[in-house]
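In terms of the working numbering, the sequence shown opens at residue 861 and continues consecutively.
Note that the Cβ used here is the ideal one computed from N, Cα and C, for glycine as well.
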Amino acid sequence: MTQCAADSLLCSAWSSATGIDSCETAQIAPQPFRSLVTRLRIARLGDRAWHAYLPQRLRQYPEILAASMAAVPTGGFRGWDDDEVDEDADDDGDADDNLSRREVACQNRSSTCSTCVEVTLFEESCSEGPSVVGCVRELSRDPIGSRIVQAALEKAESEEQRCLLAHELRGHMHETMCCPHGNHVVQKIISTMQRPESLQFIIDALTQQDSSIVEVAKHKYASRIVKHLLKVCPAAQVSEVMENLLAAASTLACHMFGRFLVQHVLDSGTREQQYRLLRTIEQNALRISQTCIGRSVLEILLTHTAIEDQDKAWMARACAQDSEVLLRLALGKLGHTIVLLMLEILEPRRDQRVSVSLAQHLDTLRASEFGRIVAQRLDVVGAEYP
């Protein structure tokens, strides 16, 4: 069947099912229909070997691909043969059946391709871990290659073999950590190494420049590496990393990804590290409270069980220094919960700076959806602590 005939058959099937004229189908057909026509057109271009569907970078390493060639049928993946489609079918009778057979053929072809690439290449090619030696960096940047390297790290028989693979990323650690696929390789290195000293080259890459750690901590993927290192490495080994994080705590607390490292220090840091973190955020509480992400960090600090009540009180007082900022908090969706926490912490201590400051704006509070909740709480506080 020619390509034009195949397209006409699909258009006729769509028209009969929807009642729309076939000449309008190409313009208004839904995306799945257009995708099916496109895949049919590509499949009719001719047969291809299975490795033709791999990314260009993976085709450069025949020593990796050779191990899985035997598992693939000779001739590679086939398009739809002419006998898969009934050429004698008329548009009104067997069009739906032909369309179904095409869809099944499409699904089977896609499934076979996915199986060979994702399973055969990933598992069988990686049965010999050191086979990826010399191309770890390139493979780590590819979605399939990343899995190959991770499998090689898991199957390595000794720490020396893992180090041999991992050290190929020396000098390229920053770009690998920031890669959506490479960061998983670095995380696998961290989780499979048995000796913390084997991870020192990653820490060295982070501490080469003071600004490097802060930039990595604010990156969507690389921040995971820093958090993983803090979990598995001794405190003395990551002390320089921790120092840089604490120094930039006020900046990280307002960042979408950096805040997770602030929370990690709060959850798992030493008492001294927690104290320094609290003092840094306390000194910058007004600036932090003016950002949405910063307000979420403040809420965590004011409710965290590991923080003593005295420290929470100091944090609440720092947030209440500016009456305008306090009012904006009280009117906000997340900010009003922080104000309620501040009242809960300070009022039992006979510290009425929050209630006195907000009492001057009761009309504004009552006119707001969230401010109304704070105003009701102020009435209760006034009755409990006259």
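Nearest to Q1047 by alpha-carbon distance, out of L1200, F1117 and I1085, is I1085. Around the C-beta of K1172, 16 or more other C-beta atoms lie within 10 Å, and the residue is accordingly described as buried.
Its Cα nearest to that of R1139, the residue M1175 stands out among S1072, M1175 and S1149.
Excluding residues up to 5 positions away in sequence, S1000, S1006, V1009, Q1010 and T1036 lie with their Cβ nearer than 7 Å to the Cβ of V1045 in the same chain. Taking all protein chains in view, the Cβ of M1202 is crowded by 16 or more other Cβ atoms within 10 Å, so the residue is classified as buried.
Annotated three-state conformation of L1013 is helix, per DSSP. Judged by DSSP secondary structure, G1042 falls within the alpha helix (DSSP H) whose first and last residues are G1042 to T1052.
Between the alpha carbons of R1209 and I1167 lies a gap of roughly 17 Å.
With contacts defined as CB atoms closer than 7 Å, L1112 and V1122 qualify as a contacting pair.
Taking the C-beta atoms as reference points, E1028 is found nearer than 7 Å to R997. Judged by DSSP secondary structure, Y1135 falls within the alpha helix (DSSP H) whose first and last residues are R1131 to Q1143.
Here the alpha carbon of A1108 sits roughly 18 Å from the alpha carbon of S1128.
DSSP places K1193 in the coil class of the three-state scheme, outside both helix and strand.
The continuous stretches of alpha helix (DSSP H) do not include V1098, and DSSP gives it neither H nor E. Within the same chain, Cβ atoms closer than 8 Å to the Cβ of Q1054 are found at E1019, the five residues on either side in sequence being excluded. According to the DSSP assignment, K1080 belongs to no alpha helix (DSSP H), since it is labelled neither H nor E.
Runs of the alpha helix (DSSP H) spanning 4 or more residues and lying entirely within the region 1100-1128 occur at 1109-1112 and 1118-1128, in chain order. The beta-carbon distance between I1050 and H1088, rounded to whole angstroms, is 5 Å. This is short enough to meet the 8 Å contact definition. If you look at S1149, you'll find it isn't in any alpha helix (DSSP H); DSSP assigns it neither H nor E. Annotation: the continuous alpha helix (DSSP H) that includes L1025 extends over E1019 to A1026. Between V1234 and V1199 a beta carbon distance of about 5 Å is seen, short of the 8 Å cut, so the two are scored as contacting.
Cβ-Cβ distances below 8 Å link L1162 to K1172, M1175, A1176, I1198, L1201, M1202 and I1205 in the same chain, with the five nearest sequence neighbours on each side left out; the list follows chain order. Around the beta carbon of M1116, fewer than 16 other beta carbons lie within 10 angstroms, which makes this residue exposed. Each residue's CA atom was taken as its position, placing R1237 and E1103 some 40 Å apart. If the five residues before and after P1094 are omitted, its C-beta is found closer than 7 Å to the C-beta atoms of P1056, all from its own chain and listed in chain order. Going by C-alpha positions, S1058 is about 36 Å away from S1156.
A1077 is not a Cβ neighbour of G1042, given a cutoff of 7 Å.
By the criterion of a C-beta distance shorter than 7 Å, C1038 is surrounded in its chain by H1079, Y1081 and A1082, once the five residues flanking it on both sides are discounted.
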